[in-house]
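Participant: Structure in C-alpha cells, see below.
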Amino acid sequence: MGASVELIMALSLKARSVFLGAPGAGKGTQAKEVAAKCALAHISTGDMLRAEVAQGTELGKQAKGFMDLGKLVPDDVIIGMVQKRIALPDANAWILDGFPRTVVQAEALDRSLPKAQALSHVVYFAVPEQVLFGRLTGRRTCSKCGAIWHVETKPTKTSGICDACGGPTVQRSDDHPDKINQRLVEYRTLTEPLLTYYRGRNLLRELDANRAPAIIFKELLQLMQ
Ligand code: AP5
27 MGASVELIMA LSLKARSVFL GAPGAGKGTQ AKEVAAKCAL AHISTGDMLR AEVAQGTELG
87 KQAKGFMDLG KLVPDDVIIG MVQKRIALPD ANAWILDGFP RTVVQAEALD RSLPKAQALS
147 HVVYFAVPEQ VLFGRLTGRR TCSKCGAIWH VETKPTKTSG ICDACGGPTV QRSDDHPDKI
207 NQRLVEYRTL TEPLLTYYRG RNLLRELDAN RAPAIIFKEL LQLMQ
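If you read the sequence shown in my numbering, its first letter stands for residue 27, the second for the next number, and so on.
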C-alpha cells in the first residue's frame with residue numbers, strides 16, 4: 027500500500043483517531059498498516075482482551091464469557107483497561123480500534139483526554155452488512171504476530187501458515203456464524219448510536235470501506251489529516 031512520505035510524516039505528528047465500524051469492516055487491517063507506517067500506537071481492545079484471555083488473567087476471565095457469546099464486555103472493564111493503556115508514554119498519537127463501542131465508553135474517553143490531547147477525528151468504516159459475513163467467516167489470524175488473512179481474498183501462500191512470520195493461522199472463536207449474528211446485533215444496538223454522537227461533535231469522517239484495501243488506505247491517510 028503506497029502513500030507519499032510527506033503525507034505519512036504529517037500524519038505521524040498529530041492523529042488521535044477512533045476507527046469505528048461493524049465487525050469485519052476492515053478496521054484492524056487498516057489500523058495495523060497506518061499505525062506501522064505512521065508511527066502511531068495501534069490500540070485494539072479486541073487484541074488486548076484476547077491477550078488477557080490467553081494469559082488467564084482476572085480481566086481475561088471476566089471478559090471471556092461475554093466474548094464467547096458475541097456480546098460486548100461490560101463498560102467498566104473496558105474503560106479501565108483503555109485508560110491505563112492511553113496513559114502509557116507511547117500513547118501521544120494513536121488509533122483506537124474497537125473502542126469506544128457504546129455511548130458510555132465515548133463519554134468516558136472524552137473525560138479521560140486532556141484538552142491538549144483531544145480526539146482528532148472518528149473514521150467510520152461503512153460496509154454493507156451482507157458483505158461482512160463472508161469477510162468474517164473467511165478470516166484467519168496469525169496467532170504469533172496477529173497478521174490478518176482471508177481464505178479467499180487474502181490467502182497465505184501455505185494454508186495455515188502466516189506469510190509474515192511463519193506462525194500458525196487460526197480462525198477466531200467468535201468468527202463462527204451464530205457468534206457473528208450476535209456481534210452484529212450488539213453493533214446495531216449499542217455501537218451504531220455513536221455515529222450520531224460523533225456527527226453531533228463534528229468529528230465523524232465517513233469512509234467507503236467496501237473497496238480494495240489499497241484504495242481505502244490512501245483515502246484514510248487523507249481523511250486523517
Ligand atoms: P474486536 O476484535 O474488536 O472485533 P470486531 O469489532 O468485531 O472487529 P473485527 O476484528 O471482527 O473486524 P475488523 O473491522 O477489525 O476487520 P478486519 O480488518 O479483521 O472485538 C472482539 C470482541 O471483544 C467483541 O465482540 C467484544 O466481546 C470484545 N470487545 C472489544 N472491544 C470492546 C469494547 N470497546 N467494548 C466491549 N467489548 C469489546 O477484517 C475482517 C476480514 O476482512 C479479514 O479477513 C480481512 O482480510 C478482510 N478485509 C479487510 N478489509 C477488506 C477489504 N477492504 N476488502 C475485502 N476484504 C477485507
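For every residue, glycine included, the Cβ atom is placed at its ideal position computed from N, Cα and C.
Are Val148 and Leu66 closer than 7 Å when you measure CB to CB?
Facilitator: Cβ atoms of Val148 and Leu66: not closer than 7 Å.
Participant: May I have a chain-ordered list of the beta strand (DSSP E) segments no shorter than 3 residues that lie completely inside the region 188-248?
Facilitator: Listed in chain order, they are 230-234.
Participant: For Pro49, does the count of other Cβ atoms within 10 angstroms reach 16, so buried, or fall short, so exposed?
Facilitator: Buried, since its Cβ has 16 or more Cβ neighbours within 10 Å.
Participant: Where DSSP assigns a beta bridge to Asp123, which residues make up the other side?
Facilitator: DSSP output for Asp123 lists Phe45 and Ser70 as bridge partner(s).
Participant: Taking contact to mean 3 or more Cβ pairs, one atom from each stretch, closer than 8 Å, check whether the region 191-198 and the region 104-115 are in contact.
Facilitator: Touching, no.
Participant: What does the alpha-carbon distance come out to for the pair Val177 and Pro140?
Facilitator: Taking the straight line from one Cα to the other gives about 43 Å.
Participant: Ordered along the chain, which non-local residues of its own chain (more than five positions away) have a Cβ less than 6 Å from that of Arg161?
Facilitator: Once the five neighbours on either side are set aside, the close Cβ partners of Arg161 are Gly50.
Participant: Check whether the Cβ of Met107 sits closer than 6 Å to any heavy atom of ligand 1, and report yes or no.
Facilitator: Not so, every heavy atom of ligand 1 lies at least 6 Å from the Cβ.
Participant: Within 6 Å: the Cβ of Phe92 and any heavy atom of ligand 1?
Facilitator: Phe92 Cβ: within cutoff of ligand 1.
Participant: Helix or strand or just coil, what does DSSP make of Val148?
Facilitator: Val148 falls in the strand class under three-state DSSP.
Participant: Using only CA atoms, which one of Gln81, Lys87, Thr215 and Gly124 lies nearest to Phe151?
Facilitator: Cα-wise, what sits closest to Phe151 is Gly124.
Participant: Are the beta-carbon atoms of Val79 and Lys63 separated by less than 7 Å?
Facilitator: No, the pair does not count as a contact, with Cβ atoms beyond the cut-off.
Participant: Please state the DSSP three-state secondary structure of Ile105.
Facilitator: In the structure shown, Ile105 sits in a helix (DSSP, three-state: H, G or I).
Participant: Do Met250 and Ser70 have their CB atoms nearer than 7 Å?
Facilitator: Cβ distance not < 7 Å, so Met250 and Ser70 don't count as in contact.
Participant: Give me whichever residues DSSP pairs with Thr55 in a beta bridge.
Facilitator: None; Thr55 has no bridge partner.
Participant: Could you give the residue range of the beta strand (DSSP E) that holds Thr167?
Facilitator: From DSSP, the beta strand (DSSP E) with Thr167 extends over Arg165 to Cys168.
Participant: What residues match up with Lys180 in a beta bridge as DSSP calls it?
Facilitator: The partner list for Lys180 (beta bridge, DSSP) reads His176.
Participant: Might you give, ordered along the chain, the residues of its own chain that have their beta carbon closer than 6 Å to the beta carbon of Lys205, omitting 5 neighbours on each side?
Facilitator: Contacts found: Gly96.
Participant: Just to confirm, does Arg137 get its C-beta within under 6 Å of one of the non-hydrogen atoms of ligand 1?
Facilitator: Because no heavy atom of ligand 1 lies under 6 Å away, the Cβ of Arg137 does not count as near it: no.
Participant: What did DSSP end up calling Leu39 once you bin it into helix, strand or coil?
Facilitator: The predicted model places Leu39 with a pLDDT of 49, which falls under 50 and marks its position as unreliable; any figure quoted below should be read in that light. Looking at Leu39 - three-state DSSP - the assignment turns out to be helix.
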